[in-house]
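Numbering (the numbering used here), first residue to last: 2 to 78.
For every residue, glycine included, the Cβ atom is placed at its ideal position computed from N, Cα and C.
Predicted, not measured: the structure shown is a model, and the values here were computed from it.
Everything on this sheet refers to the single structure shown next.
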Amino acid sequence: MPAKRTEPSRSLLNQAAGFKYTNSASTNLAKKFADMRRAAAKAEREAAKQQASAAQAQLELATVTAFPMNRKTANAL
Numbered sequence: 002m003p004a005k006r007t008e009p010s011r012s013l014l015n016q017a018a019g020f021k022y023t024n025s026a027s028t029n030l031a032k033k034f035a036d037m038r039r040a041a042a043k044a045e046r047e048a049a050k051q052q053a054s055a056a057q058a059q060l061e062l063a064t065v066t067a068f069p070m071n072r073k074t075a076n077a078l
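Written out as structure tokens, the structure reads:
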């Protein structure tokens, strides 16, 4: 039986045929999910950092006390 050559159903060179090149990095699901986990962890760290800085600013404002100055205390400084 002679070997039969079959042509691909979609031509690589003919974009109108519907072939679209996909980079191998974008088809690797393990890498894609790892990137998504990294992005989510980064967003979580950023949110925690922003929340901590807001809490710190609020704490600093709450702990400030003002003392009235009279001549004795002004001369002591």
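- Counting only the Cα atoms, K50 lies some 12 Å from A42.
- Judged by DSSP in its simplified three-state form, A42 adopts helix.
- For A26, the enclosing alpha helix (DSSP H) stretches over residues S25 to T28.
- Here the C-alpha atom of A40 lies approximately 14 Å from the C-alpha atom of A31.
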